[in-house]
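According to the numbering used here, the stretch in the sequence shown is residues 77 to 265, in order.
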Amino acid sequence: TSHGLAFVGNSLFSTDDRLGVPRAFISRWALEADGLEEAMARVCHPLRSTGCNNLWGDVSGRLVDVETSATQASVVEAQEWYAHTNHYTCESMSRVEASLGTESRRRLARAEMLLAEGVARGDDPLELVARVLSDHANAPDSICSHVSDDDHPGMSTVTVGSMICDLDNGRLHACVGAPCSNPYRTFGL
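This is the structure we're talking about:
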């Protein structure tokens, strides 16, 4: 944003969804925040209908993850890098967890391993993140997911897009569709 913030979000599934302000409205409002503290407060709006995962970074290097449900929230201050998939990772959020399968947990473990190895090697951060987002290990539970012939219609989990935020250079790299077979388009901010 013009305030030096980057935001990526992903779906979480909770048992306390309710009538309230839709998640898309909350996320859009949070993007207008002047700083990280205000953005975090906005995604925790008390009248939200559901939650999601909100990963924020700022130009100072601060990295904060805010897991929300309709009625609860938990904050993690991260160092250097952070990965998240489609389940709650904070113990305090376990009582509202509705995603009990293993696929999200497998994807998270894979992403964390790849990121840790790449950071330890000193890999270029943009190339590393693009490589992680394109990873097919553990298919069909891979990070980059595709429709399988075995999937029932309407029940597939597929990667519909991805983005990489480069706060150092004020750029957003966005990909429509699976990043393994589609290019990233770069936007200056």
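Note that the Cβ used here is the ideal one computed from N, Cα and C, for glycine as well.
Notebook entry, point to check: For H79, which residues of its own chain have a beta-carbon under 6 Å away from its beta-carbon, when the five flanking residues on both sides are left out?
Noted result: So the qualifying residues of the chain are D110.
Checklist line | Exposed unless 16 or more other CB atoms sit within 10 angstroms - verdict on P255 | finding: By the 10 Å Cβ count, P255 comes out buried.
Next item on the list: Please determine if the segment 138–154 and the segment 81–97 are in contact, where contact requires at least 3 C-beta pairs separated by less than 8 Å.
Entry: Pairwise C-beta distances place the segment 138–154 in contact with the segment 81–97, as three or more of them are shorter than 8 Å.
Next item on the list: Tell me, please, which residues DSSP counts as bridged to E153.
Entry: DSSP lists V140 as the bridge partner or partners of E153.
Check: Quick one: Cα of G133 to Cα of S224, how far?
Finding: Answer to the nearest angstrom: the Cα atoms are 34 Å apart.
Check: Under the DSSP definition of a beta bridge, which residues are partnered with A206?
Finding: Answer is none; A206 lacks a bridge partner.
Notebook entry, point to check: For W105, which residues does DSSP report across the bridge?
Noted result: Residue pairing by DSSP places W105 opposite no residue, since no beta bridge is assigned to it.
Notebook entry, point to check: How many angstroms separate the CA atom of A106 from the CA atom of T235?
Noted result: Cα to Cα, the separation comes out at about 24 Å.
Checklist line | Inter-residue Cα distance where the pair is N245 and G96 | finding: If I take the Cα positions, the gap works out to 37 Å.
Notebook entry, point to check: Buried or exposed: which applies to A127, given that a residue is buried once 16 or more other Cβ atoms fall within 10 Å of its Cβ?
Noted result: The sequence given here places Gly at residue 127; Ala does not occur at that position. By the neighbour-count rule (16 or more Cβ atoms within 10 Å), G127 is buried.
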